[in-house]
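Heads up: the sequence shown runs through residues -24 to -1, 1 to 466, numbered per mature numbering (1 follows the signal peptide of the UniProt record, and there is no 0). All C-beta atoms in this analysis are idealised placements derived from N, C-alpha and C, irrespective of residue type, glycine included. One structure is given here, and the rest of the page talks about it.
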Amino acid sequence: MDTWRHSWTLIIFLLFASAFTVLGKSLIATCTAQMDSTTTFVEETTREEEILSLKNALKFFDADFFSESKVGEIANDAKEFNIPLYRGNRKLVASTDGGLYDPSVLVFNPTWGGSEEHYENKRFTYPSVSSIQRPDREEDIAFLSNRIAGMYQVLELGHLIRTKQITSHELTGIFLRRMKKYDVALEAVVSYTEDLAYKQAKEADSLLDRGEYLGPLHGIPYGLKDIIAVPHYKTTWGSTTFKNQVLDIEAWVYKRLRSAGAVLIAKLVSGSLAYDDIWFGGRTRNPWNIEEFSTGSSAGPAACTSAGLVPFAIGSETAGSITYPAARCGVTALRPTFGTVGRTGVMSISESLDKLGPFCRSAADCALVLDAIRGKDPDDLSSKDILLEDPFSVDITKLKVGYLEDAEMEVVDVLASMGVHMVPFKLNYTVDSVQGILNFTMDVEMLTHFDKWQRSGQDDAYEAQDQWPLELRRARMIPAVDYLQVCHLP
């Protein structure tokens, strides 16, 4: 009996086990089917959301004219082709910032009609300043151009050196002392190149002792905007991110000045990444009123030249960074024609817009410095030997100068009264549209050179968040097609 009862219990147990197994399999199958259905639904929903998101994004590119099926094709191609290609290319060309090693392949040729002409570029002839005698006070030496009619400070200091009324070594010391004294208030100097300066000054004096004179810049102290590379010294670009950067590069403009015998005494403030007058060390002041600022990224060159801390300096301009700070600080500066001065070894914002030029205390001095730094730079494809008339002997009555006919500028009347042929003209587009095109071009090219900086989040450390960080995020939304169309505008 007990054996039968145990056998029957076992049979019932096996039947229940079998039933539960079948039921379990059925439940699992049902759940699996439901999960598959849910997964399919989620995938379809994700796909629909992806297409909708892309359609919305295309509105910001002014390209929301595609059908839904075409948007789906774009999404597929972007994932399977574009994104892997972007990432592969980026590893090859976006490894460094600043445009020093990967210049743009889009070269802007500044010659009229793209023609290639070669000139024998003769050096300028300079006025005589033989009556100049050395002042007793260092301050009078620093502001020598204010002493006589003509305003030739660089030329006059050069005369004092050539006639051995002062040595380059002594002159270098005068300007270094002034710089260290007044920069506390101006915040215009990034780093002093004192050892290099005294070495170059000694070389200049030794050459003169041997009867070798290199020209009007021989032994003259000067400063460089700190986006211009000099070996063994920091080139900070004014930025917190790059404030310890040392580039083993010798900028072309520095080479030209060194070969002319000039003496580099300091790297001067550039606004952070060549934007405005704010940099990692503060904000550069206006020497005329230190409660105000220098304005524009060539703030250091403008302030130091104005305050008599250097006889001249080299700055740069993409969209006003020579002209604005010069006007603000009351000095004379020259923004040369694009391509006149080579830019190798200089941080790039936009290869189709960037220019280098001198800050001085007179137009004549600007001509002297330009004469030393102009000419073909073999590593800058936009650089040209551009024919320039000798400004010290030109007949201005033979000049023809164009001006905007609706511009109210005193200079138009002044030049006309001197016999210059003034010709009015109109633009076929508005000033606002020109500014828009300028920013369009500048921002895209700048971001090309600072892609890694942005992607790594280093823009969060930028000194003024409403400047480059904002503009370069916006530049991400500029399509390549529209950028190239802008390049075709006359």
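- Beta-bridge pairing by DSSP links Met398 to Val377.
- Secondary structure in the region 139 to 199: the beta strand (DSSP E) runs of 3 residues or longer, each lying completely within the stretch, are 165 to 168 in chain order.
- The region 265 to 278 and the region 302 to 322 touch, with three or more beta-carbon pairs separated by less than 8 Å.
- If you draw a 10 Å sphere on the C-beta of Gly378, you find fewer than 16 other C-beta atoms in it, and that means exposed.
- Straight-line spacing of the CA atoms in Leu375 and Val396 works out to 6 Å.
- Membership of Lys360 in any beta strand (DSSP E) is not indicated, and neither H nor E is assigned to it by DSSP.
- Exposure of Pro400 is indicated by the presence of fewer than 16 other C-beta atoms within 10 angstroms of its C-beta.
- Secondary structure note for Val81: it is in no alpha helix (DSSP H), with a DSSP letter that is neither H nor E.
- With the rule of 3 Cβ pairs closer than 8 Å, the region 186 to 194 does not count as touching the region 153 to 167.
- Selection Leu193, Lys243 and Trp429 evaluated against Ala348 yields Leu193 as nearest (Cα-Cα).
- 9 Å or more divides the Cβ of Leu131 from the Cβ of Leu285.
- A distance below 9 Å separates the beta carbons of Pro312 and Gly333.
- The C-alpha of Ala279 lies about 13 Å from the C-alpha of Asp252.
- By the Cβ criterion, the region 418 to 426 is in contact with the region 70 to 82, since at least three pairs of Cβ atoms, one from each stretch, lie closer than 8 Å.
- Here DSSP, grouped into helix, strand and coil, assigns Thr211 to coil.
- Spanning the alpha carbons of Val322 and Leu403 requires a straight line of approximately 32 Å.
- Using a Cβ distance threshold of 9 Å, Arg113 and Ile142 do not count as a contacting pair.
- About 11 Å separates the beta carbons of Met385 and Ala392, which is beyond the 8 Å limit, so they are not a contact pair.
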